[in-house]
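Asker:
4 protein chains.
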Amino acid sequence: MSKRNDIMMATLDLIHEEGLQSVTFAKIFKQANVGSGTIYNYFANKEELVNEVYKESREKMGEYLLHDYDVNASMYERFKCLQSNRLRFGIHFPKMFLFIDSYSFSPYISPELRNKDDGHNSSEIVRDLIVEGQRQGIIKEMDSHLCHQLIHGIISSILKGYYVNKYPLNEVQIQQIIEASWKAILV
Amino acid sequence: MSKRNDIMMATLDLIHEEGLQSVTFAKIFKQANVGSGTIYNYFANKEELVNEVYKESREKMGEYLLHDYDVNASMYERFKCLQSNRLRFGIHFPKMFLFIDSYSFSPYISPELRNKDDGHNSSEIVRDLIVEGQRQGIIKEMDSHLCHQLIHGIISSILKGYYVNKYPLNEVQIQQIIEASWKAILV
Amino acid sequence: MSKRNDIMMATLDLIHEEGLQSVTFAKIFKQANVGSGTIYNYFANKEELVNEVYKESREKMGEYLLHDYDVNASMYERFKCLQSNRLRFGIHFPKMFLFIDSYSFSPYISPELRNKDDGHNSSEIVRDLIVEGQRQGIIKEMDSHLCHQLIHGIISSILKGYYVNKYPLNEVQIQQIIEASWKAILV
Amino acid sequence: MSKRNDIMMATLDLIHEEGLQSVTFAKIFKQANVGSGTIYNYFANKEELVNEVYKESREKMGEYLLHDYDVNASMYERFKCLQSNRLRFGIHFPKMFLFIDSYSFSPYISPELRNKDDGHNSSEIVRDLIVEGQRQGIIKEMDSHLCHQLIHGIISSILKGYYVNKYPLNEVQIQQIIEASWKAILV
DNA sequence: CATGAATGAGTCTTCATTCAT
DNA sequence: GATGAATGAAGACTCATTCAT
Numbered sequence: 002m003s004k005r006n007d008i009m010m011a012t013l014d015l016i017h018e019e020g021l022q023s024v025t026f027a028k029i030f031k032q033a034n035v036g037s038g039t040i041y042n043y044f045a046n047k048e049e050l051v052n053e054v055y056k057e058s059r060e061k062m063g064e065y066l067l068h069d070y071d072v073n074a075s076m077y078e079r080f081k082c083l084q085s086n087r088l089r090f091g092i093h094f095p096k097m098f099l100f101i102d103s104y105s106f107s108p109y110i111s112p113e114l115r116n117k118d119d120g121h122n123s124s125e126i127v128r129d130l131i132v133e134g135q136r137q138g139i140i141k142e143m144d145s146h147l148c149h150q151l152i153h154g155i156i157s158s159i160l161k162g163y164y165v166n167k168y169p170l171n172e173v174q175i176q177q178i179i180e181a182s183w184k185a186i187l188v
Numbered sequence: 002m003s004k005r006n007d008i009m010m011a012t013l014d015l016i017h018e019e020g021l022q023s024v025t026f027a028k029i030f031k032q033a034n035v036g037s038g039t040i041y042n043y044f045a046n047k048e049e050l051v052n053e054v055y056k057e058s059r060e061k062m063g064e065y066l067l068h069d070y071d072v073n074a075s076m077y078e079r080f081k082c083l084q085s086n087r088l089r090f091g092i093h094f095p096k097m098f099l100f101i102d103s104y105s106f107s108p109y110i111s112p113e114l115r116n117k118d119d120g121h122n123s124s125e126i127v128r129d130l131i132v133e134g135q136r137q138g139i140i141k142e143m144d145s146h147l148c149h150q151l152i153h154g155i156i157s158s159i160l161k162g163y164y165v166n167k168y169p170l171n172e173v174q175i176q177q178i179i180e181a182s183w184k185a186i187l188v
Numbered sequence: 002m003s004k005r006n007d008i009m010m011a012t013l014d015l016i017h018e019e020g021l022q023s024v025t026f027a028k029i030f031k032q033a034n035v036g037s038g039t040i041y042n043y044f045a046n047k048e049e050l051v052n053e054v055y056k057e058s059r060e061k062m063g064e065y066l067l068h069d070y071d072v073n074a075s076m077y078e079r080f081k082c083l084q085s086n087r088l089r090f091g092i093h094f095p096k097m098f099l100f101i102d103s104y105s106f107s108p109y110i111s112p113e114l115r116n117k118d119d120g121h122n123s124s125e126i127v128r129d130l131i132v133e134g135q136r137q138g139i140i141k142e143m144d145s146h147l148c149h150q151l152i153h154g155i156i157s158s159i160l161k162g163y164y165v166n167k168y169p170l171n172e173v174q175i176q177q178i179i180e181a182s183w184k185a186i187l188v
Numbered sequence: 002m003s004k005r006n007d008i009m010m011a012t013l014d015l016i017h018e019e020g021l022q023s024v025t026f027a028k029i030f031k032q033a034n035v036g037s038g039t040i041y042n043y044f045a046n047k048e049e050l051v052n053e054v055y056k057e058s059r060e061k062m063g064e065y066l067l068h069d070y071d072v073n074a075s076m077y078e079r080f081k082c083l084q085s086n087r088l089r090f091g092i093h094f095p096k097m098f099l100f101i102d103s104y105s106f107s108p109y110i111s112p113e114l115r116n117k118d119d120g121h122n123s124s125e126i127v128r129d130l131i132v133e134g135q136r137q138g139i140i141k142e143m144d145s146h147l148c149h150q151l152i153h154g155i156i157s158s159i160l161k162g163y164y165v166n167k168y169p170l171n172e173v174q175i176q177q178i179i180e181a182s183w184k185a186i187l188v
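Chains as they are written, first to last, in this note's numbering: chain A, 2 to 188; chain B, 2 to 188; chain C, 2 to 188; chain D, 2 to 188.
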């Protein structure tokens, strides 16, 4: 189980450092310190390996998004929790976040996987929240997927700027961003 | 000139269909209906070809962004025009938009090209607008590059969802998105 | 180790048969009975392979030149030994001799390798002999490198004629050549 | 006729500068200032072009070797004339001399051409001289081809050292070399 | 399970050659 | 004759994948 994990971590590291297109098996083997044949005990081929890394990253993010999520909290509290978690996930796991963000729409990732549930229903929870907010007249009427994508897009944007050191991302900025994204979808 | 254009169009098509990483010369030659050596009459190598496609795409987008842009219009009108144009460019030229969005930070695209002016000063115009809005107390105080990235990021995110058919993108949705992005950066 | 050797021998054979310029990897693989990728387990590229073949040939020749060389023998005996060994090396290893002779000054062979000691100091020994002979007034005064090249050049020239079957090269001829080259540099 | 000559001269220049193996048609066209198709009006292919250059070089050298050659002069005078002419040809036409010397035994040059008469019988004249000298008891008994090759080898050696600036080659040196080569083959 | 030498299909690229102008 | 854009066979080299140990 350790070898499998070594390989996946090495793959994620290398994708982050050099981009998916220049990650070769030779580099993965060297980085993971395993023999070149070992990978085939765990993955059928390169595509499966990458998709597996993608799947695990998605699962980890899905799980992270629901940290301290209280279904009984107020609408704004729940929104804040979800946006904050997404932002913090990006801050703590930049490799995973960027990998997901960069390749979700790439032809390399199988469409089934892209649209697949992450096992924690986080996407559905976000959209449920949007729909509920719209029913209550708090959130503007629009396609829930569109709205979801919109608030997600704001977080992505901010994180990408942060990754290239355009600005710091402390509690102050985090609160500002959450408020800005909240205002963006209010009626 | 026709052959050169055939090659560039074939390249853009293939990048869109399969991703830059799996675009091979063999596929380009077949798609463009030219001999395998012909490309080298126009481009020194694959990197130059891809960068040339990138450059033309950037130029086309830069030009498109300024459609009907009136420097004397109100702040909101100008903002609306720019955001709307970006969105419409993405809707009408999905291949170009996705190529630019996906590979601007790829090591394959030369840094000088990525940062190069697109010949229409569109980037500068957007940031000038932001700075002016901030001086007038309309737009929230923040780094102008960050703000630029934020409103750009919303459009990108929305377009990517649209491309995978998550939702339609008609006039109604376009207006919703523009308003949401405007509200996101207001004080 | 066997594969590596197979490749080098095949390379030398092909250089001899068709000349360096027309030796392709395809021919080497076929001749050596290895897969096309195998070479890269042993040599970084074609240049390294050729240089390695050159290096081994030089080492072999350097070793051969000193067969039965007796530092206490007379000047003429030592001269005879060296010239005779060079000639015999060329007779017994025509591929190596011709390869060294033809490509020592080719841009394909790295200069440091060309000038490198062959590990047996044979070049130095020849020049030492010349210098000693000049000090004793036996050998004509001239640059030792020039003199070295002259006696070496005679052997090369003779061997090339022999290789294209211009004449036989038996003991009689060998003695004639050695004597002629000795007389050419005497005072 | 001018174009044909331009191409041949450009070819000889390039072979001298970069070696036969790296001379491409593209370089020849550029150097000769002709279009890429022009060559096929004069030469069937690259090999024919190179062999034609070789043939002309050999003819020019053959002609040069007989400058001021007096069949009635003394044996030594005639020997001196031939060796001197060969040396002077190498001094004045280094490109041709080196090309002939380097590629005469290369598989690139067709064997028929290598052994072909140069149209001036110079080779035969040299060997006739040798045979005559041997009959008179002046020159050592040995295969005339061998002897020819030997005195030719000395000149080649000397010229190669001269080309890389190891020493000057003025009248003094020329006389020394001729005498040395004469002594080499005397009984 | 783990290994890595061996493999060969596939990659980019070069370059002699053709042919319409 | 002269041209050079177009060509594609062939070159060096890469890399995912296999298999004997």
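Every residue, glycine too, gets a C-beta built ideally from N, C-alpha and C.
In this structure, how does DSSP classify I131(C) when only helix, strand and coil are distinguished?
Answerer: Looking at I131(C) - three-state DSSP - the assignment turns out to be helix.
Asker: M9(B) and E57(B) look like a contact to me (Cβ under 8 Å); what is the Cβ gap, rounded to whole Å?
Answerer: 7 Å
Asker: Just mark Y1(C) as buried or exposed, buried being the case when its beta carbon has 16 or more other beta carbons within 10 Å.
Answerer: Because chain C is modelled from 2 through 188, residue 1(C) falls outside the range shown and cannot be assessed.
Asker: Chain A partners of A185(B), CB-CB under 8 Å?
Answerer: I155, A181, S182, K184, A185
Asker: Could you tell me the distance, in whole angstroms, from the CA atom of N171(B) to the CA atom of Y77(B)?
Answerer: 21 Å
Asker: If you run the structure through DSSP and keep just helix, strand and coil, what is L147(B)?
Answerer: helix
Asker: List, in chain order, every chain A residue whose beta-carbon is nearer than 9 Å to that of F77(B).
Answerer: Looking at the sequence shown, residue 77(B) is not Phe but Tyr. Simply none; closest approach about 15 Å.
Asker: Among T12(B), S107(B), L50(B), whose alpha-carbon lies nearest the alpha-carbon of Q32(B)?
Answerer: T12(B)
Asker: Determine the extent of the alpha helix (DSSP H) in which L187(C) is found, giving its start and end residues.
Answerer: From DSSP, L187(C) is part of no alpha helix (DSSP H); its letter is neither H nor E.
Asker: Return the CA-CA distance between G120(C) and K47(D), expressed in angstroms with no decimal places.
Answerer: 41 Å
Asker: Span of the alpha helix (DSSP H) holding A33(B)?
Answerer: 26-33
Asker: Could you please give the first and the last residue of the uninterrupted alpha helix (DSSP H) stretch that includes T12(A)?
Answerer: 3-19
Asker: For N52(D), count the other beta carbons within 10 Å of its own beta carbon; 16 or more makes it buried, fewer makes it exposed. Which is it?
Answerer: buried
Asker: With three or more beta-carbon pairs closer than 8 Å as the criterion, would you say the stretch 64-75 of chain D touches the stretch 86-95 of chain D?
Answerer: yes
Asker: Helix, strand or coil, according to DSSP, for I179(B) in the structure here?
Answerer: Three-state DSSP puts I179(B) in a helix.
Asker: How would you label H153(C), buried or exposed, when you count the other beta carbons within 10 angstroms and need 16 or more for buried?
Answerer: Buried is the call here.
Asker: Count the C-beta pairs between the stretch 13-22 of chain C and the stretch 149-168 of chain B that are closer than 8 Å, then say yes if the count reaches three, no if not.
Answerer: Contact fails: fewer than three Cβ-Cβ distances are below 8 Å.
Asker: Taking 8 Å as the threshold (beta carbon to beta carbon), is Q174(B) in contact with chain A?
Answerer: Residue-level contact check: Q174(B) touches chain A, since one or more beta carbons of chain A fall below 8 Å from its beta carbon.
Asker: Alpha carbons only, please: which of F98(A), Q135(A), Y55(A), K28(A) is nearest the one belonging to N116(A)?
Answerer: Y55(A)
Asker: Which residue wins for smallest C-alpha separation from C148(C), given the options Q137(C), K161(C), L130(C)?
Answerer: L130(C)
Asker: Against chain B, does K141(A) count as a neighbour if the rule is that its beta carbon must be under 8 Å from one of theirs?
Answerer: yes
Asker: Can you have a look at V35(A) and say buried or exposed, based on whether 16 or more other CB atoms are within 10 angstroms of its CB?
Answerer: buried
Asker: I'd like to know whether the C-beta of G162(A) is nearer than 8 Å to at least one C-beta of chain B.
Answerer: yes
Asker: Determine the closest residue to R5(D) out of P169(D), E60(D), I29(D), Y104(D), with distance taken between C-alpha atoms.
Answerer: I29(D)
Asker: Since V138(A) meets chain B, which of its residues come closer than 7 Å, beta carbon to beta carbon?
Answerer: Checking the sequence shown, residue 138(A) turns out to be Gly, not Val. Here the premise fails: no neighbours, minimum Cβ distance about 16 Å.
Asker: Determine, for I178(B), whether the minimum Cβ-Cβ distance to residues of chain A falls below 8 Å.
Answerer: yes
Asker: Using a Cβ-Cβ distance cut-off of 8 Å, determine whether H146(B) contacts chain A.
Answerer: At least one CB atom of chain A sits nearer than 8 Å to the CB of H146(B).
Asker: Excluding five sequence neighbours on each side, which residues of the same chain lie with their C-beta closer than 6 Å to the C-beta of M62(A)?
Answerer: These residues qualify, in order along the chain: F90.
Asker: Just the C-alpha distance for Y104(D) and R59(D), rounded to the nearest angstrom, thanks.
Answerer: 12 Å
Asker: In chain C, which residues lie with their C-beta within 7 Å of the C-beta of L21(D)?
Answerer: Going along chain C in sequence order, the residues near L21(D) (Cβ under 7 Å) are Q22.
Asker: In three-state terms, what does DSSP make of I110(D)?
Answerer: coil
Asker: Indicate the three-state DSSP secondary structure (helix, strand or coil) for S139(B) in the structure shown.
Answerer: Reading off the sequence, residue 139(B) comes out as Ile, not Ser. I139(B): coil per DSSP, three-state reduction.
Asker: In the DSSP assignment, find the unbroken alpha helix (DSSP H) run with Q22(B) in it and report its ends.
Answerer: Counting along the chain, Q22(B) falls outside any alpha helix (DSSP H), and DSSP gives it neither H nor E.
Asker: Which residue wins for smallest C-alpha separation from H93(C), given the options V188(C), L15(C), L160(C), W183(C)?
Answerer: L160(C)
Asker: Of all the options G38(A), I186(A), Q174(A), which has the alpha carbon lying nearest to the alpha carbon of M143(A)?
Answerer: Cα-wise, what sits closest to M143(A) is I186(A).
Asker: Taking 8 Å as the cut-off, decide whether the C-beta atoms of H146(C) and K96(C) are in contact.
Answerer: no
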